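Quick notes on the structure that follows.
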Amino acid sequence: MEILHLHRLFLVLVFVLGLGLPCFRVNGNGNGPQQQRRTYIVHVAKSQMPAAFQHHAHWYDSILKSVSGLAHMVYSYDTAAHGFAARLTAEEAILLDALPWVVAVLKELRYKLSTTRTPEFLGLDKISALLPESDLVNEVVVGVLDTGSGTNFTATNCNRKLIGARFFSKGYEATMGPIDVSKESKSPRDDDGHGTHTATGSAVCWSGGCFSSDILAAMEKAVDDGVNVLSVSLDGEMETHFYGDSVAIGAFAAAEKGIFVSCSAGNDGPSSYSLSNVAPWIATVGAGTLDRDFPTYVTLGNGKNFSGVSLYGGNSKGTLLPFVYAGNVSDTTNGNLYRKGTLDPAKVKGKIVLCDRGKNARVQKGSVVKLAGGAGMVLANTAADGEELVPEAHLLPATAVGKKSGDAIKSYLFSDPNPTATILFEGTKVGIQPSPVVAAFSSRGPNSITPEILKPEIIAPGVNILAGWTGAVGPTGLPVDDRRVPFNIISGTSMSCPHVSGLTALLKAAHPDWSPAAIRSALMTTVYVAYKSGGKLQDVATGKDSTPFDRGAGHVDPVSALNPGLVYDLTVKDYLGFLCGLNYTSSQINTLARRNYTCDPSKSYSLYDLNYPSFAASFDSTSGRPTTIEYTRTLTNVGAATGTYKASASSDSAALKIAVVPDTLSFSKAGEKKSFTVTVTGSAMPASTNAFRQLEWSDGKQTVRSPMAFSWA
């Protein structure tokens, strides 16, 4: 990640996981072949361990052997979780789940990777003078869970940034079989590129995916090793409960130890309710663009030009060449999608080919055109992709164009008897406006598990990010790509997540006493949601103003976050109360919190009272009457010793009425806390209606902003 090259502040500890989706069958009698077993994570009430056992691992082994003499233990956990991972049949899992000291038995899940200019764009060229003169700035440790950072890794690979690396593959190999060391290194060495990119701004997954038992083991080791920040650029199947999500479980343990956990929001946008990693003790990061682009122009034989983007590094002579549509030069019905062997070399050689985006990788389409003898490729977006353009380091002269341009180009190609075209490459351009805009692929809210918690929290640079790259594969990752580069440009919330992890390290260095919640609050309440030239941040998927469901609080502003004035702080006790508000049972809370905890039956728990730097809710559209919600919040003074802040709530919707009591807060010393309530009344509205506001506390010098997002379901 680009920002990590700016300062020597961060010590990066890399964790390599062999992590993935369930690929298992049920074994009916426990004596069948290995492939009939699957991995389960068994959560145990450690407090019930009999005195006869001197170590929890011995007890866990005894528990496992009590139901099966054939079951194999994969991992034993004691920090990120209490329990173990094991290969079990469905019947063995049921037997374990029935034991009184077992609180949960969860199936293994597979997670996927959420896959220069950044320092200046974020204002980090001005930040050095604002950091304290202290050795602490060299002692912030960032743990990164990703692909490797290989057998080909020794202590000599470490330096003042990379101080250590581990790999975790037991869960992966238990399901997928031994790692093929001829294709990837069984070590922290990165043969994929994703981990190198996210850590340079690091290591965990294998070619077959990222398995939850390995993820949990890596998070456990990271907590034991004492990292300050944990960066997790992974997303998986959306769970309906936090106690079934291994990342949420491990992150809870990390938060309890004062570790800030940032996760990628996912790349399933622009659909609503598409977020991953939505637990409130995790910072969920969406993706925005930089003001840098890689423009191209497609010039047609009729003289018209259309703009596009590409990372192709070669030159173009500007000569008009014959132009064909892939669907017309193929021997299959799916030729326009560019699959290997679908294009007829006799009809493609020496020509530029127009291809439709979708189904298979963009760079793979270019590879197919090149193998067929094509001279170039124009890749046109479909309705599903709209106008979002993704530059790629294609193997031949190629460019991507938006749907509107693609439709116009097709109209010419299909109507002209002798169509021709050429592609011109303009190199790198900076100062592109408007920027940032929300990336179309960035996953969106509302929060599918707890709509009372706004997700994502923020967006950060995640499009066309230049960072380190493995020497094991070419920039496209294709086997036929024999190019080797030390840096590469890729996009995804996998890229935006480590930006926030790095910025968190900056804040932790400047404010070592701040909690993870205080840091998140500082990042959220100091964002910007409008351009300096005016107008709100745009969403490339719609071409309209973005909303808090798209960009959370807004785009991160690290310089402002160093001095937020006031913060919304939280402790683990607050998160336990939140779980009580979800009506979780003691066993379910135990799975997350690793302790016996019983909610107070005499106390009323409200999800709206979690001291979060945002306000959100989902109203019932069928009620036919207004609904009133009351929030309680507490602000902590981390700025000037004295100050008086006045509240205001802006709105773009008549569907909401908001009252803040008191609307003035006066602070007389640093660390002082003041509480207030916000009452929101939502009118009866049709389903799928959304309304947004912003609550601001200002002392005339500093403004503490909180997004407010409401939906009618």
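Quick note, the sequence shown lines up with residues -20 to -1, 1 to 693 if you use mature numbering (1 follows the signal peptide of the UniProt record, and there is no 0). All C-beta atoms in this analysis are idealised placements derived from N, C-alpha and C, irrespective of residue type, glycine included. The model shown is predicted, which means the values in this text are computed figures rather than measured ones.
Proximity to residue i [Cα-Cα], best of the options
{"i": "S686", "options": "L636, K284, Q34, G532", "result": "G532"}
{"i": "G206", "options": "K237, F191, F222, A231", "result": "K237"}
{"i": "I433", "options": "F33, L125, D589", "result": "D589"}
{"i": "A234", "options": "E368, A25, V122, S422", "result": "V122"}
{"i": "M688", "options": "D679, A664, V658", "result": "V658"}
{"i": "L562", "options": "H221, E217, P80, S594", "result": "H221"}
{"i": "A70", "options": "A61, D58, A51, V82", "result": "A51"}
{"i": "R272", "options": "A198, I412, E217, D194", "result": "I412"}
{"i": "P459", "options": "Q344, Y592, P325", "result": "Q344"}
{"i": "S192", "options": "L93, S46, S668, G268", "result": "L93"}
{"i": "S594", "options": "V410, F690, K516", "result": "F690"}
Cβ neighbours of residue i in the same chain (closer than 7 Å, five flanking residues each side left out)
{"i": "P414", "result": "Y511, Q518"}
{"i": "G224", "result": "L86"}
{"i": "V417", "result": "G268, T269, L517, Q518, D519, V520"}
{"i": "residue 715", "result": "Because residue 715 is not part of the residues shown, which for the chain are -20 to 693, the question remains open."}
Simplified DSSP assignment, three categories, for residue i
{"i": "Y292", "result": "coil"}
{"i": "T531", "result": "Note that residue 531 corresponds to Arg in the displayed sequence, not to Thr. If DSSP states are grouped into helix, strand and coil, R531 belongs with the helices."}
{"i": "F232", "result": "helix"}
{"i": "R574", "result": "coil"}
{"i": "P687", "result": "strand"}
{"i": "D194", "result": "helix"}
{"i": "E368", "result": "coil"}
{"i": "Q682", "result": "coil"}
{"i": "R342", "result": "helix"}
{"i": "L86", "result": "strand"}
{"i": "R413", "result": "The residue you asked about is not Arg; residue 413 is Gln in the sequence shown. Q413 falls in the coil class under three-state DSSP."}
{"i": "D160", "result": "coil"}
{"i": "V227", "result": "helix"}
{"i": "V547", "result": "strand"}
{"i": "V348", "result": "helix"}
{"i": "A510", "result": "strand"}
{"i": "G557", "result": "helix"}
Residue range of the alpha helix (DSSP H) that includes residue i
{"i": "T402", "result": "Per DSSP, T402 belongs to no alpha helix (DSSP H); it is in the beta strand (DSSP E), 400 to 405."}
{"i": "N563", "result": "Taken as a continuous stretch (DSSP letters only), N563 belongs to no alpha helix (DSSP H), as it is neither H nor E."}
{"i": "P540", "result": "It is Ser, not Pro, that sits at residue 540 in the sequence shown. Counting along the chain, the alpha helix (DSSP H) containing S540 begins and ends at 538 to 541."}
{"i": "F394", "result": "383 to 395"}
{"i": "H23", "result": "Premise fails: H23 lies in the beta strand (DSSP E), 18 to 24, not in any alpha helix (DSSP H)."}
{"i": "Y152", "result": "150 to 156"}
{"i": "T484", "result": "473 to 490"}
{"i": "K45", "result": "36 to 47"}
{"i": "K327", "result": "325 to 328"}
8 Å Cβ shell around residue i - same chain, five flanking residues per side excluded
{"i": "I438", "result": "A263, V265, G266, V480, L503, M504, V507, R531, G532, A533, G534, H535, V536"}
{"i": "T644", "result": "T624, Y625, K626, A627"}
{"i": "M665", "result": "F599, S601, A635, A671, W692"}
Residues near residue i in its chain [Cβ-Cβ closer than 6 Å; skip 5 each side]
{"i": "I499", "result": "F240, T484, L487"}
{"i": "S56", "result": "A37, Y40, F64"}
{"i": "V618", "result": "V547"}
{"i": "I638", "result": "A629, V660"}
{"i": "V304", "result": "K331, V333"}
{"i": "G407", "result": "none"}
{"i": "T607", "result": "F599, G662"}
{"i": "Q682", "result": "G545"}
First through last residue of the beta strand (DSSP E) which encompasses residue i
{"i": "S56", "result": "52 to 57"}
{"i": "K92", "result": "90 to 93"}
{"i": "F64", "result": "63 to 68"}
{"i": "I499", "result": "Taken as a continuous stretch (DSSP letters only), I499 belongs to no beta strand (DSSP E), being part of the alpha helix (DSSP H) at 496 to 505."}
{"i": "C335", "result": "332 to 336"}
{"i": "I438", "result": "438 to 441"}
{"i": "L301", "result": "301 to 305"}
{"i": "V278", "result": "275 to 280"}
Strand pairing of residue i, partner residues [DSSP]
{"i": "K637", "result": "T661"}
{"i": "Y592", "result": "For Y592, which the question treats as bridged, DSSP gives no partner whatsoever."}
{"i": "Q674", "result": "S630, P687"}
{"i": "L79", "result": "According to DSSP, which records beta bridges pairwise, L79 is partnered with nothing at all."}
{"i": "E610", "result": "T659"}
{"i": "G448", "result": "F467"}
{"i": "Y625", "result": "L645"}
{"i": "A360", "result": "D336, V381"}
{"i": "C243", "result": "V212, T264"}
{"i": "K654", "result": "L615"}
{"i": "S598", "result": "S691"}
{"i": "S287", "result": "Y277"}
{"i": "Q518", "result": "V417, D525"}
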